[in-house]
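Working notes, beginning with the structure itself.
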Amino acid sequence: MGPHGVDFGPPTPHINQKRIGTAMKIFLDTADVAEIREYAASGLVDGVTTNPSLAAKTGRDYVESLKEICDIVPGAVSAEVLATDYDGMLKQAAIFTKIAKNIAVKVPLTWDGLKACAALSAQGHMVNVTLCFSPVQAMMAAKAGATFISPFIGRVDDIGEDGLGLIRDIRAIYDNYGFKTQILAASVRHVMHVREAALLGADVATIPTDVFKKLLGHPLTDKGLAAFIADAKKAGVVIKG
Ligand code: G3P
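Residue numbering for the sequence shown follows our numbering, beginning at 1149 and increasing consecutively.
Here is the structure:
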């Protein structure tokens, strides 16, 4: 049992990542290294997104945490700049990109952010453009060469608008023009967000750990399994090698 009360058994080698990569990728939305280690043992975590608020919750040095996270997961680890001007963003991005090859520099969806996005992606770095709340913002981020666009679906729902509609519109625009930018559904609050994001063709969902552990839960699975085991026990069914 891990420190967060979840038992995925021993760490799973990432042998299935190629196959998993063809489905919607699952990232964890946390900067807590212990939590990431525990959940990544499931073998079903492709990457991680962090942001300044999540980093602040850990009380740890951000860059040190990122170094550890990059070693745990095989895919992109988003590291968000704190600077809001172009030069400052590039300086902080240079610190992040030295950490590991799987760092994705996260920049805000502002003019300076998109300028930094274009410069960083021209240098061959992955870039996650965050705080996206409109389809046109997402189109502009794709034009700037973003690797990932992060529409915040929960926060759109919070103000009485349609967070999943944002994913739908971005998917349509990207498909209209063949943009390769991956749609990363962010601000995911519950399992239905994950289901709908997958149905709408989001490329990635970044999921808080409390939602991640609910992804497999179904009362009929538990009930059915208990019945299988009980029936086998009653009839003395055994599996002989
Ligand atoms: O992925 C972005 C996320 O960290 C924001 O989530 O729940 O604060 O809107 P939330």
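The beta-carbon is built from N, C-alpha and C at its ideal position, and this holds for glycine as well. Being a predicted model, the structure only gives us computed values, none of them experimental.
Expressed to the nearest angstrom, what Euclidean distance is found between the alpha-carbon atoms of residue i and residue j?
i	j	result
glycine 1372	phenylalanine 1175	30 angstroms
proline 1161	isoleucine 1217	Low local confidence applies: a pLDDT of 47 at proline 1161 is under 50, so the model's placement there is unreliable, with the coordinate-based value given in what follows. Spanning the two alpha carbons is a distance of roughly 16 angstroms.
alanine 1241	valine 1253	6 angstroms
isoleucine 1220	alanine 1286	29 angstroms
lysine 1381	lysine 1388	14 angstroms
alanine 1375	valine 1359	27 angstroms
asparagine 1199	alanine 1353	15 angstroms
alanine 1383	lysine 1361	34 angstroms
valine 1196	alanine 1378	40 angstroms
serine 1213	isoleucine 1247	10 angstroms
leucine 1238	leucine 1268	8 angstroms
threonine 1178	threonine 1206	9 angstroms
serine 1190	valine 1181	15 angstroms
Taking the beta strand (DSSP E) that residue i belongs to, which residues open and close that run?
i	result
phenylalanine 1296	1296 to 1299
glycine 1389	That residue, glycine 1389, is in no beta strand (DSSP E); it is neither H nor E in DSSP.
lysine 1254	1251 to 1256
Determine whether the Cβ of residue i lies closer than 8 angstroms to any Cβ atom of chain B.
i	result
glycine 1195	This model lacks chain B altogether; it includes just one protein chain.
Secondary structure at residue i, three-state DSSP: helix, strand or coil?
i	result
aspartate 1177	strand
glycine 1207	coil
valine 1225	strand
threonine 1357	helix
asparagine 1276	strand
glycine 1302	helix
leucine 1214	helix
lysine 1362	coil
alanine 1189	coil
aspartate 1219	helix
alanine 1286	helix
isoleucine 1307	coil
alanine 1182	helix
Taking residue i as part of the alpha helix (DSSP H), name the residues at either end of that continuous run.
i	result
lysine 1382	1367 to 1383
glycine 1261	1259 to 1270
valine 1339	1339 to 1347
leucine 1314	1311 to 1325
glycine 1236	1234 to 1245
alanine 1292	That residue, alanine 1292, is in no alpha helix (DSSP H); it is neither H nor E in DSSP.
Tell me the DSSP bridge mates of residue i?
i	result
lysine 1331	What sits at residue 1331 in the sequence shown is isoleucine, not lysine. Looking at the DSSP assignment, isoleucine 1331 forms a beta bridge with Ile1297.
valine 1352	Lys1173 and Leu1332
threonine 1197	Asp1177 and Ser1226
task: Could you tell me whether the stretch 1335 to 1350 touches the stretch 1301 to 1313, where touching means 3 or more Cβ pairs closer than 8 angstroms?
output: yes
- request: Specify whether the stretch 1223 to 1236 and the stretch 1313 to 1321 touch according to this definition: at least 3 beta carbon pairs, one from each stretch, less than 8 angstroms apart.
  value: no
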